[in-house]
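> Please find one structure pasted underneath; my questions will follow.
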Amino acid sequence: MPGASRGSSARPPVAITGMGVVTPGGCTPDELWRTLHAGRSTAAELTHIDLSRHRVRIGCRVRGLEAVAGLVPPKEARRMDPFAHYGTAAALAAHRDAGSPAAEAGRTAIVVGNAVGGRATSDLESAHFTTGGPAKVNPLMPLMTMPNAAAAQIAMRLGWTGPALTLANTCASGADAIGHALLLLQTGRADLVIAGGCEHTLTPVTLAGFGNLSAVSFRNDDPEHASRPFDVDRDGFVMGEGAGFVVLERLDDARARGARPYGLVAGYAATADAHHLAMPLPDGAGAAAAMAGAIADAGLAPEDIVHVNAHGTSTPYNDRSEAAALTKVFGSAQPPVTAPKSVIGHLIGAAGAVELVATVQAMRHCEVPPTANHEQLEPGMDIDVVHGAPRAVRSGPALTNSFGFGGHNASVVVTPV
Numbered sequence: 064m065p066g067a068s069r070g071s072s073a074r075p076p077v078a079i080t081g082m083g084v085v086t087p088g089g090c091t092p093d094e095l096w097r098t099l100h101a102g103r104s105t106a107a108e109l110t111h112i113d114l115s116r117h118r119v120r121i122g123c124r125v126r127g128l129e130a131v132a133g134l135v136p137p138k139e140a141r142r143m144d145p146f147a148h149y150g151t152a153a154a155l156a157a158h159r160d161a162g163s164p165a166a167e168a169g170r171t172a173i174v175v176g177n178a179v180g181g182r183a184t185s186d187l188e189s190a191h192f193t194t195g196g197p198a199k200v201n202p203l204m205p206l207m208t209m210p211n212a213a214a215a216q217i218a219m220r221l222g223w224t225g226p227a228l229t230l231a232n233t234c235a236s237g238a239d240a241i242g243h244a245l246l247l248l249q250t251g252r253a254d255l256v257i258a259g260g261c262e263h264t265l266t267p268v269t270l271a272g273f274g275n276l277s278a279v280s281f282r283n284d285d286p287e288h289a290s291r292p293f294d295v296d297r298d299g300f301v302m303g304e305g306a307g308f309v310v311l312e313r314l315d316d317a318r319a320r321g322a323r324p325y326g327l328v329a330g331y332a333a334t335a336d337a338h339h340l341a342m343p344l345p346d347g348a349g350a351a352a353a354m355a356g357a358i359a360d361a362g363l364a365p366e367d368i369v370h371v372n373a374h375g376t377s378t379p380y381n382d383r384s385e386a387a388a389l390t391k392v393f394g395s396a397q398p399p400v401t402a403p404k405s406v407i408g409h410l411i412g413a414a415g416a417v418e419l420v421a422t423v424q425a426m427r428h429c430e431v432p433p434t435a436n437h438e439q440l441e442p443g444m445d446i447d448v449v450h451g452a453p454r455a456v457r458s459g460p461a462l463t464n465s466f467g468f469g470g471h472n473a474s475v476v477v478t479p480v
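89 is the number that my numbering gives to position 26 of the sequence shown; each next residue is one higher, with no gaps.
This is the structure:
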């Protein structure tokens, strides 16, 4: 099998020892799991901002933030853009969950993925054009909205002096951040890494842009049933917001300090479609290459995969392309597929990291949560979408996919310890 020699037997296994989330499904991994397990969408009308002139007025807002409120003092949170606040809180929660591990100075790393960054566009337009001109622009604006703000905040709060990196690969950013963290640990460039993604996109300008792109659902009168991955009646995704982070360390190091890993990050691969800024390859070749590459990187075969956490955006073209890719990789022996975006919305740059946490939870519970609102599979899609109720599966490796605008594809394999 191509790439099998690069699998887990040739490199140190990397363990997930801490997880933290800030999501519309809750702000602890267990609350997120319960929400996904119930299979009911969190989408609702957005009333905290004026969307009266917008084509799309629905989204999935973070709820349960009080679960991590003590990690970032309110005064400090007010000096952050929400994307950095969410990311910092989720990262610190993951670090606490891991037992607050430490490493030698310079042997730590932080890898953060996001796509949109700070809310610069909407806030700057408001400040400049409606409240008094340039003099009224917040002097902290450059520091709040810079894409690396979350990585910087996490580093400062932990006192970690190793690399603090930010990746921007649109909707693949969170998964790519975790994949890069895996490489840092496997190559010995770091001993302890916090990796994940964060995003805040529920702003008027961002929602207008995605609405005008016709990427989102316009079911404003029925938000709970708007996101319908792989369903014949789908019309676009529902925007979400939030963050997800994990603590990664080599398994031997984790065991030496008495940590109890949730699982292993066993394989990762990334590809580029090199095709179109907004449209995936219709035959799913780029996505299939990422999936097959991650499976091979883990030293596994497709038949070893117990379930797939699909990118599953609920857009006509992306779902069709991903279904084609799944067929290329798994053939007629399709593993059960779930699509969390049907429940918590599309978290853009944070999606891959939050959904990795969801994949680990499904693997630990040996259950695949249902895809909300999926009623009828589109003809021609030969995949096995879990819907209606959770499905019990055996313990074993799982694959999670993240595909983004610009043709960025990332897949990650997690396995039990």
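No residue lacks a Cβ here, since even glycine has one placed at the ideal position from N, Cα and C.
Can you tell me which of the three DSSP states residue 409 falls into?
Position 346 of the sequence shown, counted from the first residue, corresponds to residue 409. The answer is strand: DSSP assigns residue 409 an E or B state.
> With DSSP run on the structure shown, which of helix, strand or coil describes residue 374?
Within the sequence shown, residue 374 is the residue found at index 311, counting from 1. DSSP places residue 374 in coil when its eight states are reduced to three.
> Starting from residue 313, follow the beta strand (DSSP E) in both directions and report where the run begins and ends.
Looking up residue 313 in the sequence shown gives position 250. Start and end: 305 to 313.
> In whole angstroms, what separates the C-alpha of residue 344 from that of residue 378?
Walking along the sequence shown from the start, residue 344 turns up at place 281. Walking along the sequence shown from the start, residue 378 turns up at place 315. For residue 344 and residue 378, the distance between alpha carbons rounds to 14 Å.
> Using a Cβ-Cβ cutoff of less than 7 Å, which residues in the same chain neighbour residue 332 once the five nearest sequence positions on both sides are dropped?
Looking up residue 332 in the sequence shown gives position 269. Closer than 7 Å at Cβ, skipping near neighbours: 353, 356, 357, 360, 474.
> Buried or exposed for residue 295, going by 16 or more other Cβ atoms inside 10 Å?
Start at 1 with the first residue of the sequence shown, and residue 295 comes out as number 232. It counts as exposed.
> So is residue 443 buried or exposed if we call it buried at 16+ other beta carbons inside 10 Å?
To locate residue 443, count along the sequence shown from 1; it is residue 380. When all chains shown are included, residue 443 counts as exposed.
> Would you call residue 438 buried or exposed, if buried means 16 or more other Cβ atoms sit within 10 Å of its Cβ?
For the purposes of this step, residue 438 is taken as the residue at position 375 of the sequence shown. With fewer than 16 other Cβ atoms within 10 Å, it is exposed.
> Please go through the same chain and pick out, in chain order, the residues whose beta-carbon is closer than 6 Å to the beta-carbon of residue 145, but skip the five residues on each side of it.
On the sequence shown, position 82 is the one that residue 145 refers to. Counting only Cβ-Cβ distances below 6 Å, and skipping sequence neighbours, we find 263.
> Return the first residue and the last residue of the alpha helix (DSSP H) that residue 381 is part of.
As a position in the sequence shown, residue 381 is number 318, starting the count at 1. It spans 379 to 393 - the alpha helix (DSSP H) in which residue 381 sits, taken as one unbroken run.
> Tell me the DSSP secondary structure of residue 126 in three-state form.
As a working note, residue 126 is residue 63 in the sequence shown. The answer is coil: DSSP assigns residue 126 none of H, G, I, E or B.
> Comparing C-alpha positions only, which one of 326, 322, 384 sits nearest to residue 346?
Here residue 346 refers to the residue found at position 283 of the sequence shown. Checking every option, the nearest Cα to that of residue 346 belongs to 384.
> Counting along the chain, where does the alpha helix (DSSP H) carrying residue 262 start and finish?
Within the sequence shown, the letter at position 199 stands for residue 262. Premise fails: residue 262 lies in the beta strand (DSSP E), 255 to 262, not in any alpha helix (DSSP H).
> Please name the residue or residues paired with residue 416 in a DSSP beta bridge.
Position 353 of the sequence shown holds residue 416. According to DSSP, residue 416 bridges with nothing at all.
> State the DSSP-derived secondary structure class of residue 200, mapped to helix, strand or coil.
Numbered from 1 along the sequence shown, position 137 holds the residue referred to as residue 200. Residue state, collapsed to three classes: coil.
> Is residue 471 closer than 9 Å to residue 265 when the C-beta atoms are compared?
Taking the sequence shown and counting its residues from 1, the one referred to as residue 265 is at position 202. Taking the sequence shown and counting its residues from 1, the one referred to as residue 471 is at position 408. It is not a contact, given that the beta carbons lie outside the stated cut-off.
> Is it buried or exposed, residue 82, if we count other Cβ atoms within 10 angstroms and call 16 or more buried?
By 1-based counting over the sequence shown, the position of residue 82 is 19. Buried, by the Cβ-count rule.
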